[in-house]
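Protein chains: 4
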Amino acid sequence: MSPKVSDEHKMMMQDKILSASRTLFSKKGYHETSMDDIVKVSGFSKGAIYGYFKSKEELFFELQKRNAAMSLDGLKSLIAQEKTAIAKLEKAADLVFASICEVSEEVCRMDLEFQLASSRMPNMRKEFKKQQMIIIKLLSDIIANGIEAGEFKTDLDADNIATILVGTIGGLSNLLVTTDMKLDWDKIKDAFVSTIRDGIMR
Amino acid sequence: MSPKVSDEHKMMMQDKILSASRTLFSKKGYHETSMDDIVKVSGFSKGAIYGYFKSKEELFFELQKRNAAMSLDGLKSLIAQEKTAIAKLEKAADLVFASICEVSEEVCRMDLEFQLASSRMPNMRKEFKKQQMIIIKLLSDIIANGIEAGEFKTDLDADNIATILVGTIGGLSNLLVTTDMKLDWDKIKDAFVSTIRDGIMR
Amino acid sequence: MSPKVSDEHKMMMQDKILSASRTLFSKKGYHETSMDDIVKVSGFSKGAIYGYFKSKEELFFELQKRNAAMSLDGLKSLIAQEKTAIAKLEKAADLVFASICEVSEEVCRMDLEFQLASSRMPNMRKEFKKQQMIIIKLLSDIIANGIEAGEFKTDLDADNIATILVGTIGGLSNLLVTTDMKLDWDKIKDAFVSTIRDGIMR
Amino acid sequence: MSPKVSDEHKMMMQDKILSASRTLFSKKGYHETSMDDIVKVSGFSKGAIYGYFKSKEELFFELQKRNAAMSLDGLKSLIAQEKTAIAKLEKAADLVFASICEVSEEVCRMDLEFQLASSRMPNMRKEFKKQQMIIIKLLSDIIANGIEAGEFKTDLDADNIATILVGTIGGLSNLLVTTDMKLDWDKIKDAFVSTIRDGIMR
DNA sequence: GATGAATGAGTTTTCATTCAT
DNA sequence: TATGAATGAAAACTCATTCAT
Chain E
1 MSPKVSDEHK MMMQDKILSA SRTLFSKKGY HETSMDDIVK VSGFSKGAIY
51 GYFKSKEELF FELQKRNAAM SLDGLKSLIA QEKTAIAKLE KAADLVFASI
101 CEVSEEVCRM DLEFQLASSR MPNMRKEFKK QQMIIIKLLS DIIANGIEAG
151 EFKTDLDADN IATILVGTIG GLSNLLVTTD MKLDWDKIKD AFVSTIRDGI
201 MR
Chain P
203 MSPKVSDEHK MMMQDKILSA SRTLFSKKGY HETSMDDIVK VSGFSKGAIY
253 GYFKSKEELF FELQKRNAAM SLDGLKSLIA QEKTAIAKLE KAADLVFASI
303 CEVSEEVCRM DLEFQLASSR MPNMRKEFKK QQMIIIKLLS DIIANGIEAG
353 EFKTDLDADN IATILVGTIG GLSNLLVTTD MKLDWDKIKD AFVSTIRDGI
403 MR
Chain X
405 MSPKVSDEHK MMMQDKILSA SRTLFSKKGY HETSMDDIVK VSGFSKGAIY
455 GYFKSKEELF FELQKRNAAM SLDGLKSLIA QEKTAIAKLE KAADLVFASI
505 CEVSEEVCRM DLEFQLASSR MPNMRKEFKK QQMIIIKLLS DIIANGIEAG
555 EFKTDLDADN IATILVGTIG GLSNLLVTTD MKLDWDKIKD AFVSTIRDGI
605 MR
Chain H
607 MSPKVSDEHK MMMQDKILSA SRTLFSKKGY HETSMDDIVK VSGFSKGAIY
657 GYFKSKEELF FELQKRNAAM SLDGLKSLIA QEKTAIAKLE KAADLVFASI
707 CEVSEEVCRM DLEFQLASSR MPNMRKEFKK QQMIIIKLLS DIIANGIEAG
757 EFKTDLDADN IATILVGTIG GLSNLLVTTD MKLDWDKIKD AFVSTIRDGI
807 MR
């Protein structure tokens, strides 16, 4: 079982590098972040980094995967705590708006970078699609359950509503980083939640 | 008087260059488009292009401004044809979903590029914010009128709803280009419109 | 006809770069010569060199082509001055041995580099083969004429003899650069010429 | 006594490493073969290889020495079976042409690599010269014996003829790998042997 | 003004070699 | 003695920008 130790170690080292990269990518963007920057900030040598990731692109790709996995885990565990569909959705909205406000720009910019990369790099695109699908499915299932349970209108298409929700969340997140709009996110959240609630509940 | 003629001429020349750039930027992205690409496609010389724009960044910036102005004009004239607030909003939704489906990827990718650029370049950000504000204000006014006219619920915050709408539209557009999801945009539009309608109408 | 001026100028510039590269490649070898070396020695900038040759490999390839063309021209004009087949062959031997002795190492090393490159790079190989074929054909024709004219034995296969001659010359040239053997090239030439003469004349 | 065992062991280990390197160098060339390649193919660790050879260059150098020694042994034992000088030479020609045709490219490319290295690295050059000298001496002695025995013309210079023979063989071998010429090596061998025979026999 | 050749700092990536374990 | 992760100098190549003509 020696590979386990080795793999764990590798994971840890990769995480250290990714951690440094995360800050840089979100601050300066993918193109503007050079491997030299990552070398400087991470404290690893050029060769070491290339030992752990075979290219800048792969490093970026891996970062996206791990970020997404973490976010998804957080979302899932939060949702699991609630019983009703509407409560689950509200909890999800809470989390997302909280991350927009608190973790704020860094994470949101990173997301934008990933979206852009996804629109150009086939591998990234495939992965990103998969991730979005998972989230949409997650919400879609909640909505479908809500319909079944009589919480929501019966004529809703769960998938489409879920897609719209994901789109809205992403769009609002982007709005935050692309403008400096000092928005009152609490009120926007309330407006969002109540609009959706009125729109889908019966 | 001569400056006027000269300015008009300058504008025309700039438009020719921007037109070539638009295609390139949306197809390949900002970073992957080189000035040499623009030289080749536009037919202008290096020196000429630098005569009309003082840097690649400025060229990109200018392109965004003109694109936004055109889109806004289209939106405004379309909206002006309708009387009721809800009809205006639906017309706006039509336009946006049409551009997502028809003009499709190219335009949406361009938007992503702009959003990303906005999140890094202060000038761009300022401009982008201004543009978003204008659209939000446009929608907000419609909503406010709708409230006043008794079309919509009275407890709505027009600005927040407008922000959400703009976010949703942007998010769905990004979803299109970052994933290959073969979504049924017509149904999504319907779901979007009816959710919103139920959410805001009384 | 403006391209003519431009093309001539381009050729001249390329020649200047190639000239500097020739020295470097023959002194240090292909792999050991960096583009920075060429920049330093040629006085051109990085960008300028890449403007004239799209890669180090292409530069090397072009150098080989021009070298070969020059050598071939020299050989042809020398041979044209003689009447009999044996005299032509001897003249060719003179030229080759002279270049081995006088121009000496630099040219011969360059040849070795080209041979090695030919054995690995498909494009180079094709070009090298073509060049060798031309020389073999040149000699083969002389020999065939010599056979017809009754100078040489009638049972000779002109192509094979020509191939052997080309091989021998190349091999001796390599022997010069790969060893420091202070050989008496005049005597070797005499031995070569007389062996061949006795071997093929009747 | 322990050094003897140790030395033998070292030799064996070195041979294993060299064996893996031989394949790599001949397939990909010296520069294109990395130490990592050798690690992968040989199964030895980086450190182990550097324990047995102090550099890539030395490894290459040692490989050349052992290759040459093996070839020479084969040649000597083959030649020893023949009585007359011409029979010995023909046997030598057989061996060489056989290796060109059968073992073919791989070995010949390796030779080219060595020749090139010889032309740049003083140590290599010295060794290569020594090896060539030995072969030339071997052939030269045969020729000298042939002259004495009345087989060959009396006015031949044995050393020069031997040099030419070695050059020719090397040149033809290079011709094989640097071009794809589908030559009829049997006929070339016949032409070679008969030309030489006619050129030197009385 | 217009041109496009020239610039050179900056980019990603490789790889022979070392050395702590 | 053996290992292989780490090193970092050096390589090929790009491209926004300038400026002599």
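Protein chains in written order, with our numbering: chain E, 1 to 202; chain P, 203 to 404; chain X, 405 to 606; chain H, 607 to 808.
Yeah, the Cβ is synthetic: ideal placement off N, Cα and C, and Gly gets one too.
Here the structure is a predicted model, which is why all the values come from computation and not from measurement.
P/E315 is a Cβ neighbour of P/F227, given a cutoff of 8 angstroms.
Under the three-state reduction of DSSP output, P/F227 falls in the helix class.
Looking at the backbone, the Cα of X/V445 and that of X/F464 are separated by about 16 angstroms. The residue from H/I655, H/L789, H/K793, H/L762 with its alpha-carbon nearest to that of X/I600 is H/L762. For H/Q737 and X/E509, the gap between their C-alpha atoms comes out near 20 angstroms. Classified as exposed, X/S481 has fewer than 16 neighbouring CB atoms from the shown chains inside 10 Å of its CB. Only N578, L579, V581, T582, T583, D584, M585, L587, K591, I592, A595, F596 from the region 577–597 of chain X bring a Cβ to less than 7 angstroms from some Cβ of chain H. By the Cβ neighbour-count rule, X/A502 is exposed, with fewer than 16 other Cβ atoms within 10 Å of its own. H/L678 is not a Cβ neighbour of H/L701, given a cutoff of 8 angstroms. In this chain, the alpha helix (DSSP H) harbouring H/Q721 covers 711–726. Within the region 93–116 of chain E, E105, C108, R109, L112, E113, F114, Q115, L116 place their CB atoms closer than 9 angstroms to a CB of chain P, listed in sequence order. According to the DSSP secondary-structure assignment, P/M326 is paired through a beta bridge with no residue. Looking at the backbone, the Cα of P/Q317 and that of E/T168 are separated by about 15 angstroms. By DSSP's assignment, H/M676 forms no beta bridge with any residue.
Think of a sphere of 7 angstroms around the beta carbon of X/I546: no beta carbon from chain H falls inside it, the nearest being about 15 angstroms out. Less than 8 angstroms divides the Cβ of H/R628 from the Cβ of H/L669.
Against chain E, a Cβ distance below 8 angstroms from P/I366 picks out T168, L172, I188, A191, F192, T195. The Cβ of E/I161 sits closer than 8 angstroms to at least one Cβ of chain P. DSSP places H/M787 outside both helix and strand once states are collapsed to three, so it counts as coil. The criterion of a C-beta distance shorter than 8 angstroms is satisfied by X/I568 and H/L778. Beyond the five residues adjoining it in sequence on each side, X/K593 comes within less than 8 angstroms, by CB distance, of A497, D498, F501 in the same chain, given in chain order.
P/M403 has P/F354 as its beta-bridge partners, per DSSP. Around X/R524, the beta-carbon contacts reaching into chain H at under 7 angstroms are G635. For the region 735–747 of chain H, residues whose beta-carbon sits nearer than 7 angstroms to a beta-carbon of chain X comprise K735, Q738. Taking H/A723 as the centre and dropping the five residues before and after it, the same chain places the C-beta of Y636, F666, M730 closer than 7 angstroms to its C-beta, in chain order. Using a CB distance cut-off of 8 angstroms, X/G603 counts as an interface residue toward chain H. Take E/K56, set aside five residues on each side of it, and the residues of its chain with a beta-carbon closer than 7 angstroms to its own are M35, in chain order.
If you check the CB distance, H/D804 and X/G603 come in under 8 angstroms. Secondary structure of X/Y456 (DSSP, three-state): helix. In the displayed model, E/H9 falls within a helix according to three-state DSSP. For E/Q64, the three-state secondary structure derived from DSSP is helix. C-alpha of P/L340 to C-alpha of P/S396: approximately 21 angstroms in a straight line. At least one beta carbon of chain H lies nearer than 8 angstroms to the beta carbon of X/D561. Within chain E, the residues whose beta carbon sits less than 8 angstroms from that of P/R327 are T178, T179, D180, listed in sequence order. Per DSSP, reduced to three states, the secondary structure at X/S598 is helical. Here the C-alpha atom of H/V783 lies approximately 14 angstroms from the C-alpha atom of X/V570.
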